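Notes to accompany the following structure.
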Amino acid sequence: MAYEFGKSPKAPQPPHAILHYLRGLQEGEHRYLIHGRSTDPRWIYQPNISDLTYMAAEMTLQEANDCCNKAAPLYIFSAKRTIYPSLFVQVLHNYLYHKWFIPYKSEIEYLQFVTKTFLPELLPDDLQPGPLVDLAIPVHAAICARAQEARDAVKELEPPYPLQPIPPKGPKKWGHYKYACIDQIVRDQEFFLLRPLFRAIMIIIRLEEYNDENLDIRQLPVLLVRTGIEEGLSAPISFEPIAHKIKTVIQRTNSSEAVVQVTLETAVDFVLSMDKREIAAFGHQPNPILSTRNLGDGGLYGPSILTRAQEIGWGDEELRGPSSKWVDAEKYPEWSGRGAHQDHMIRRMEDNVREDFCMRKDFLRPWPEDNSRGKKHWNIY
């Protein structure tokens, strides 16, 4: 089916073309939202690590939900401001997305993805790997605990949700900027799941390692951390399968923890392999069929997508999720639709940011230049 981007196909369309169009809408919205929460200064989560109590207080429901349905957390730490964050997060996100995403087939409802990116406030000192991990593990544990607490509190609300006071242990805000339909988000809390693997493993990046815009992102050195929290996993985590790719082993006093230095490529491949192991043991979480009843999708299009389908010829047949079952790959062997278009635009954005960076590199200065407004990389709110 060929159609002009930004316009709905002309009715009537055959069912296979309608489903292809709808999956494209879902893919495009998923790409847009995941990209925004991984790169946009308005959305990327910048936790306050110097005061964990304050960090808990400032977490929104959007940020709590965004910790869910991800395989692993990815923390970007830095002790000083640099000129690289804006470019780095674009390069990093596009690499991660294309490692994880399979056109038409990936489970994308409820913002499922391989990682959740955190950009914590500036460190007080340029910590070596051991002390950095000592800081990061309790920070991540606190984030997970608060995300679960805030979401549990929200589950107690009764409709109409926007008019109800937020419970004492609930989030202080629903979310920054525009945050989907809060009624649907509250109803869908049972399908935002804080996965055991997300608690059990971490990827840590020191921003100072990215000091060359031409660096092959796959070879970026990172720390791969086993946190020691393995409750709910199908089996313990072992780094033995990647032993031949480990650059350095960071000694730990806690025997349940383990830290190794590897390349980003090795770390992501390992996380993906662990995610596949857990899916093989327990099935996809959230359950693709149960979670998409009544076209729920956790903030993409929701039930309104049925209206889109009917506008171009969908009949009386029930439209069911998940969208990963909608496209006939034999009829559409090449990736196309709004998801492909959105992906192209985001990759162009990276190219534009890189080009602008290279042109102005000699004149760029870290911003803000001091910490008078706090230690976050971007002070938007």
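Okay, so the sequence shown: first residue is 1 according to my numbering, each after it adds one.
Every residue gets a Cβ at the ideal spot worked out from N, C-alpha and C, and that includes glycine.
Since we're looking at a predicted model, the values are computed, not measured.
Item	Value
Terminal residues of the continuous alpha helix (DSSP H) containing A56?	L52 to E58
Roughly how many whole angstroms lie between the Cα atoms of L132 and T227?	13 angstroms
Determine the extent of the beta strand (DSSP E) in which A72 is found, giving its start and end residues.	K70 to F77
Are three or more beta carbon pairs between the segment 233–243 and the segment 110–127 nearer than 8 angstroms?	no
Would M274 be called buried (16 or more neighbouring beta carbons within 10 Å of its own) or exposed?	buried
Do you know how far the Cα of P167 is from the Cα of Q219?	45 angstroms
Using 8 angstroms as the threshold, is the segment 132–150 in touch with the segment 66–81, meaning 3 or more CB pairs across them?	yes
Please report the distance separating the alpha-carbon of L264 from that of V222.	6 angstroms
Considering Cα atoms alone, identify which of Q90, M59, H20 and S78 is closest to P355.	The sequence as given places Glu at residue 355; Pro does not occur at that position. With distances taken between Cα atoms, E355 lies closest to Q90.
To which residues of the same chain is G296 closer than 8 angstroms at the C-beta, ignoring the five residues directly before and after it?	E109, Q184, R187, D188, F191, G302, P303 and G321
Residue ranges of each alpha helix (DSSP H) run of no fewer than 4 residues wholly in the segment 176–264, ordered along the chain?	182–187 and 196–200
Below 8 angstroms, how does it come out for the segment 5–17 and the segment 72–83: are there three or more Cβ pairs, yes or no?	no
Can you tell me which of the three DSSP states Y45 falls into?	strand
Provide the residue span of the alpha helix (DSSP H) that contains V91, from first to last.	P85 to W100
Could you check the C-alpha separation between L163 and I143 for me, to the nearest Å?	27 angstroms
At a threshold of 6 angstroms, does R308 count as lining the ligand COA (C-beta to nearest heavy atom)?	Among the components of this structure there are no ligands whatsoever, and the ligand COA is therefore not found.
Assuming P47 and P120 are in contact, meaning their beta carbons sit under 8 angstroms apart, how far apart are those beta carbons, in whole angstroms?	5 angstroms
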